[in-house]
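Engineer: Numbering (my numbering), first residue to last: 5 to 698. The C-beta atom is built at its ideal place from N, Cα and C for all residues, glycine as well.
1) Compute the beta-carbon to beta-carbon distance between residue 68 and residue 136, rounded to the nearest angstrom, for a pair I have assumed lies under 8 Å.
2) Three-state secondary structure (DSSP) at residue 199?
3) Would you mind giving the Cβ-Cβ distance between residue 600 and residue 606, rounded to the nearest angstrom? I have them listed as a contact below 8 Å.
4) Select from 165, 32 and 253 the residue whose C-alpha is nearest the C-alpha of residue 196.
5) Say whether chain D places a C-beta atom closer than 8 Å to the C-beta of residue 156.
6) Taking only runs of the alpha helix (DSSP H) that begin and end inside the segment 88–122, which ones reach a length of at least 4 residues, in chain order?
7) Name the DSSP bridge partner or partners of residue 414?
8) When you compare the CB positions of residue 611 and residue 638, do they come within less than 8 Å of one another, or not?
9) Count the other CB atoms within 10 Å of the CB of residue 433; is the residue buried (16 or more) or exposed (fewer)?
10) Which of helix, strand or coil does DSSP assign to residue 359?
11) Measuring alpha carbon to alpha carbon, tell me which of 451, 395 and 411 ends up nearest residue 421.
12) Use the C-beta contact count for residue 578: other C-beta atoms within 10 angstroms, 16 or more gives buried, fewer gives exposed.
13) Output yes or no for whether 8 Å exceeds the beta carbon distance between residue 75 and residue 63.
14) DSSP three-state label for residue 436, please.
15) Could you check if residue 225 is buried or exposed, using at least 16 other CB atoms within 10 Å of its CB as the buried criterion?
16) From what residue to what residue does the beta strand (DSSP E) around residue 537 run?
17) Excluding sequence positions up to five away, which residues of its chain have a Cβ less than 7 Å from the Cβ of residue 530?
18) Taking only three categories from DSSP, how would you classify residue 605?
19) Within 10 angstroms of its Cβ, does residue 678 collect 16 or more other Cβ (buried), or is it exposed?
20) Give the DSSP bridge partners of residue 348, in chain order.
21) For residue 56, count the other beta carbons within 10 Å of its own beta carbon; 16 or more makes it buried, fewer makes it exposed. Which is it?
22) Between the Cα of residue 396 and the Cα atoms of 383, 407 and 408, which residue gives the shortest distance?
23) Who does residue 614 pair with in a DSSP beta bridge?
24) Would you call residue 89 buried or exposed, if buried means 16 or more other Cβ atoms sit within 10 Å of its Cβ?
25) Helix, strand or coil: which one does DSSP assign to residue 509?
26) Thinking C-alpha only, which one of 23, 35 and 93 is nearest residue 48?
27) Would you call residue 598 buried or exposed, if buried means 16 or more other Cβ atoms sit within 10 Å of its Cβ?
28) Please classify residue 164: does DSSP put it in a helix, a strand, or coil?
29) Which stretch, first to last residue, makes up the beta strand (DSSP E) that contains residue 684?
30) Find out if the Cβ-Cβ distance for the pair residue 336, residue 304 is shorter than 8 Å.
31) Which of helix, strand or coil does DSSP assign to residue 373?
32) The beta strand (DSSP E) that contains residue 381, what's its start and end?
33) Is it right to say residue 350 is buried, meaning 16 or more other beta carbons lie within 10 angstroms of its own, or is it exposed?
34) By DSSP, does residue 53 sit in helix, in strand, or in coil?
35) Please report the residue range of the beta strand (DSSP E) in which residue 674 lies.
36) Kindly indicate the opening and closing residues of the beta strand (DSSP E) around residue 570.
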């Protein structure tokens, strides 16, 4: 099973003595089974659309959490618990077996995806892994249970075929919220069970708990507000979530979300709160979706806050190391501002130049130079600030210095520069080379420390920008799913009508958009890890281009865009992975149509570049790209520069993935563009050597 192996049983006086480890395993397994069963029975007691489908299904979170914390070998317990719950509810053994298998496969799939792509049980420590958990475990893996379960209900006669979509949506969303609300709390508290709070934090935690109770009493208890469908009331919980994220950690945020969900469900079922006033199932679905969004938002915020704390601590430690190095170094270190005023000097300046550090602070650096070099220094620093041109090498320059007693000394000086509050700061490392006993490492250490500081700040900035764009890219299809689902649940569209099918298709298309974003991120990660599998074979370029263009024909027609393609004859000799080639063409053509305005034009032309290569050009009449934006166009997570007003900017992964997919197969991609006139993306593909024809 999932627990560590204990010593074998021992026989004493004719009786088999059960070791403590075995007893502990049996007790843990029994507790897990009972908790799963109790949670399942509680969830099914709130089943309204079907006796086996509920909007609240905590067992999904329990299954995912137990498999991530204790391993996949707990699956028999999940299988037995799921069967037990369903057979005591519906009474159908066959359907209960199928549902139990679906629930078990769901837990295994979610756990394997999270372990593979989202850092396993540590998925909630970093914001990108939290996003991965939500997409892989909550929105993707849970489809297995919903599909298997509802199909088994229909086949066994426990549900009408006409109710398939409504039951499936309720089942799926119930599992999604179980994974998003229950699993994080169980995983985080199981991996970090000790409170570790100070007395002040304990008082603050109690205050936060009381604030949550007051909020729930006011909004979901009818103590203050009794109006329904006033969704704005729910957002009053956001300050409490921000409080928990800023002052505590992801663990406390997850527990707050679980407590909020529990109290809100009780209040909603009693007819209180902004989500009441509808059918019970609709009210619970809307409530759970709201709490799930709040939970994921709080977890991401807490992860970012804690990451910033770690970065700040790293920065403080780096600065402390820099100070220790500077204070203990045998070489002099002097820092000046843009006006050549000394802002820092370490103790070694007294040994080399005769001045104590306080004697130099606030004075001009030229006091340490012979008179003849002072005008040269002033002119050179002014020129550098204006043109960034150095008048001497900044590494190992040999210059004369002026000692406090007036005699000149031979020095080796190295310079470095960084920005502080937008202003230039220069650091000089000075070594007395009169006797030559040189130490060549100090300046390197100083430069490395400066590079560490810049890297830490750049990493933090990159994460903030990535999270901002990724949040938008995830919300867009997710909001579509929620919006259309709410319309369907509201009963305003008749099942089986064209609008009903169209809304379901919108939900499906939005889900596919999420999966495409996931696939792109996973492909980038696989390429960076050297794990991308390619399967080259002979490619029929004409058929491939025509197939990809046909995919976008309807999209082009909807925007009244003229979409044409031309492929020269004889473009053979391509040995590439056809799936990856289609992915490249899809990404480039999708961007061209996305950013080309209505009644524009997109052209695809395939021609021979030379005897060794084939070129595919995709041209559009979009807004074009400024020359200053071209260098970062194919860089991961860079903001697409051609965004039009009212359109999303994108996550910045498709073109970076396109470049890497081409480079992995010996190809390349380039772009030429004129702002206001359009862009042309050129894809160059290598040709294999062809045998001469007789």
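Structural biologist: On the basis of the coordinates in this document:
1) Actually they do not touch by this definition, with Cβ atoms about 13 Å apart.
2) coil
3) 6 Å
4) 253
5) Of the protein chains in the structure, only one exists, and it is not chain D.
6) 97–121
7) Among the bridge pairs identified by DSSP, residue 414 is matched with 404.
8) no
9) With 16 or more Cβ atoms within 10 Å of its Cβ, residue 433 is classed as buried.
10) coil
11) 451
12) buried
13) no
14) Residue state, collapsed to three classes: strand.
15) buried
16) Premise fails: residue 537 is in no beta strand (DSSP E) and is neither H nor E.
17) 536
18) strand
19) exposed
20) Partner(s): 339.
21) Buried is the call here.
22) Measuring from the Cα of residue 396, the nearest candidate turns out to be 383.
23) Note: residue 614 sits in a beta bridge opposite 617.
24) Classification of residue 89: buried, given that the 10 Å Cβ count is 16 or more.
25) helix
26) Nearest C-alpha to residue 48: 93.
27) buried
28) coil
29) 682–690
30) No. Outside cutoff.
31) coil
32) Annotation: residue 381 is outside any beta strand (DSSP E); the continuous alpha helix (DSSP H) that includes it extends over 378–391.
33) buried
34) coil
35) 672–678
36) 566–571
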